[in-house]
Structure formats: C-alpha cells, structure tokens
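J.:
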Amino acid sequence: MLHIKCPHCGMRSQNEFSYGGDATVKRPELNKEVSDQDWDNFVYNRKSLRGKHKELWQHISGCRQWIKVERDTATHEIFKTAKANEDI
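Using the working numbering, the first residue of the sequence shown is number 200, and each one after it goes up by one.
1) Inspect the CB distances between the segment 278-285 and the segment 231-243 and report whether three or more fall short of 8 Å.
2) Would you grab the beta carbon distance between residue 254 and residue 233 for me? Rounded to a whole angstrom, and I think it's under 8 Å.
3) What did DSSP end up calling residue 233 once you bin it into helix, strand or coil?
4) Should residue 225 be listed as close to the ligand NAD, given that the test is whether its C-beta is under 6 Å from any heavy atom?
5) Please classify residue 273 as buried or exposed, where buried requires at least 16 other C-beta atoms within 10 Å of its C-beta.
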C-alpha cells in the first residue's frame, strides 16, 4: 500500500485518495477555437509512461484538495508531493 503525504493533512494511506491523471497535460485555452483532433488528444490520448511521473490526486477522504505527486510508476516510490498550484 502507498502512503501519500498530503501537503494539507500530512501522511495518509492511499485509500484516502483518488487518482486524477497526468499532471503535465495542458488543457486547451479557454475562449479559443479548438479542433476536434486537439480536443480528442487532450481528453483521450495519453502516454502510459514508465518511471518518474507527475500525477494529480484528490484527497477524497480528507481535506478534499487536489495535490500533485511525483511518483515512479514502476516501483510506486513517491519522491515529492505539493499543493495543486505549486510546482514539483
């Protein structure tokens, strides 16, 4: 089982969190024309990276805040965590 350090609540079990996806994907700009292909790429087409990766997680059974987690997808080792608006 993983233990994730919430920047708001401290160390918690992964059971309190919900995975939210890749933290490096950039959403298309608001109020700009977006092609169907660009929107499809944003919503559906993601790389399944192996190794160190930045992810979004929500602390659903705690503070309910979104956080960023830098984790190795092969070993599940967690290197860093940060608030959603902070860089890691």
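Glycine included, each C-beta is placed from N, C-alpha and C at the ideal position.
For clarity, every value in this text was computed on a predicted model and none was experimentally measured.
T.: On the basis of the data shown:
1) no
2) For this step, residue 254 is matched to residue 55 along the sequence shown. For this step, residue 233 is matched to residue 34 along the sequence shown. Between residue 233 and residue 254 the Cβ distance is about 24 Å, and since that is not below 8 Å, they are no contact.
3) Counted from its first residue, the sequence shown places residue 233 at position 34. It is coil, neither helix nor strand.
4) This structure lacks the ligand NAD, and indeed carries no ligand of any kind.
5) Residue numbering aside, residue 273 sits at position 74 when the sequence shown is read from its first letter. Exposed is the call here.
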